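This report refers to the structure that appears directly beneath it.
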Amino acid sequence: MTSTTDRLAIAIVTFNRSTLLGELLESAATMHGSPYRVVVVDNASTDDTSEVVESFRERFADGVLVYHRLATNTGGSGGFSEGTRVALEEGADWVWLMDDDVEILPDAMERFEPWMRRFQVLHGRRYDVNGSPFFWQAKFNEFLGVPLPYTRKAFNPKGYAITNSGTFEGMLVHADIVRRIGLPDPRFFISWDDAVYAWLASRYTQVAYVDAYVLQKKREQKQINLGLRHLNDSSPLAKYHVMRNRAYVGRYFDAHGQLNRVGFALGTALTFAKEVFRLIAVERGLKGVGVLIKGWRDGRTIWRDRSWRPMPPLD
1 MTSTTDRLAI
11 AIVTFNRSTL
21 LGELLESAAT
31 MHGSPYRVVV
41 VDNASTDDTS
51 EVVESFRERF
61 ADGVLVYHRL
71 ATNTGGSGGF
81 SEGTRVALEE
91 GADWVWLMDD
101 DVEILPDAME
111 RFEPWMRRFQ
121 VLHGRRYDVN
131 GSPFFWQAKF
141 NEFLGVPLPY
151 TRKAFNPKGY
161 AITNSGTFEG
171 MLVHADIVRR
181 IGLPDPRFFI
191 SWDDAVYAWL
201 ASRYTQVAYV
211 DAYVLQKKRE
221 QKQINLGLRH
231 LNDSSPLAKY
241 HVMRNRAYVG
251 RYFDAHGQLN
261 RVGFALGTAL
271 TFAKEVFRLI
281 AVERGLKGVG
291 VLIKGWRDGR
301 TIWRDRSWRP
311 MPPLD
């Protein structure tokens, strides 16, 4: 009997974290059931990433491990776009997108399989660095244009919740949905790309968050737990793009007739306030406010770009 996981490709984006990448590849090599492809997108790393990948070549069957090195660092957004493209070119029916700072739990595909028979876009659960359960929870409020947290009670008695947002730290997407909505948009570089991608998918299919553990986080970050959500520290690059890319979110909402300009402006102000709170609560200072303001201002160029179009479908 053919399994729904038979043509599942894992698409990993990495940049200068070869040790973490090696741990992830080890988990991919030892998981129950072999993935159809393991596509490693190297965002022009300057460490020993290529050597680490090659050291795993014999751990996988012929043709399973695909190393795709980019000439420049295109950010997570560009990496996931390329990883998805390569996976589909390799003949994958499913693409499981993930950063290099997680490990795959041995029985992950077994846990996903029953849900894959029902949904075409899935998120499983993960354990945090310390082994505690991590509850990723976000659902777009379309008036504000921001994903807001919901509670654990969102899981219904059957063990899943329907959402319209997502994360590339574990999003599993069927190839038919990719063909319909296009590749992840590399123009985001980092931030908001995954939330928007799941939102686009939700316009055509149900996006499910399932109560099944499939990943383990490996990279430690400064973090505070607010109950309904966690806040991590972030780099200046992430701070800049979280504000600049609000314009991309708005353009996508507008293209699909969902943009409420008053509500979206309020959502952008709330996003700025959240990022300032992150600075104070997690990073213990206000260094970074200028970067947030610059990102907000630079988003105006995206709003004014008359040539801008959404990513095209692949069909």
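Numbering (the UniProt record's numbering), first residue to last: 1 to 315. Glycine included, every Cβ here is placed at the ideal spot set by N, Cα and C. Model, not experiment: these values are computed from the prediction.
Have a look at the options and flag the residue whose alpha-carbon is nearest the alpha-carbon of residue i.
i           : options                   : result
V242        : F188, H256 and W199       : F188
R297        : H256, A247 and E283       : A247
residue 320 : D48, S34, T46 and R85     : This structure does not reach residue 320, given that the chain is present from 1 up to 315, and the question cannot be answered.
V41         : A238, A161, S55 and L65   : L65
L8          : G182, E90, T19 and A201   : E90
R69         : I181, H32, V53 and A61    : V53
D47         : N16, W303 and E23         : N16
Y252        : A138, L215, V95 and R203  : R203
R180        : V38, E26, D315 and R37    : D315
E142        : G267, D305, F56 and I302  : G267
S234        : I280, A201 and P149       : I280
A175        : M311, V86 and E113        : V86
S27         : F60, F264 and T49         : F60
P149        : S307, K158, F135 and P157 : F135
F112        : L88, G159 and G78         : G159
Indicate the three-state DSSP secondary structure (helix, strand or coil) for residue i in the structure shown.
i    : result
V249 : helix
G299 : helix
P236 : helix
L259 : coil
D42  : strand
L314 : coil
Y36  : coil
V146 : strand
L172 : strand
L228 : With a pLDDT of only 49 at L228, under the threshold of 50, the placement of this residue in the model should not be trusted; the figure read from the coordinates follows. In the structure shown, L228 sits in coil (DSSP, three-state: anything other than H, G, I, E or B).
V242 : helix
V178 : helix
V207 : strand
I293 : helix
I190 : coil
V121 : strand
L24  : helix
K274 : helix
Do residue i and residue j have their CB atoms nearer than 7 angstroms?
i    : j    : result
G145 : V249 : yes
M109 : T5   : yes
V207 : A198 : yes
R219 : D93  : no
P186 : T74  : yes
P184 : T30  : no
T19  : A44  : no
L25  : T14  : no
G124 : G170 : yes
V121 : A11  : no
P313 : A255 : no
E103 : E23  : yes
D99  : H32  : no
G290 : K239 : no
E275 : L292 : yes
According to DSSP, which residues form a beta bridge with residue i?
i    : result
M98  : I12
K217 : V102
P133 : Y127
Y197 : Y197 is not bridged to any residue.
F140 : P147
A161 : Y209
V69  : Here residue 69 is Arg; the residue named in the question, Val, does not match the sequence. Bridge partners of R69: D42.
Enumerate in chain order the residues of its own chain whose CB-to-CB distance from residue i is below 6 angstroms, with the five nearest sequence positions on each side excluded.
i    : result
N245 : F188, S191 and W192
F168 : F80, L97 and D194
A161 : A154, F155 and Y209
T163 : K139, V207 and Y209
M116 : T4
Could you pull out every residue in the same chain whose Cβ sits closer than 7 angstroms to the Cβ of residue i, ignoring the five residues on either side in sequence?
i    : result
S165 : A138, K139, F140, P147, A195, A198 and W199
L105 : Y213, V214, L215 and Q216
N260 : F143
F277 : none
F56  : L25, A29 and L65
Kindly list the residues whose CB is nearer than 8 angstroms to the CB of residue i, restricted to its own chain and excluding five residues on each side of it in sequence; keep chain order.
i    : result
P133 : R125, Y127 and Y213
T271 : V146, V242, M243 and R246
A201 : Q120, V121, G166, V173, I177, I181 and V207
R118 : A208
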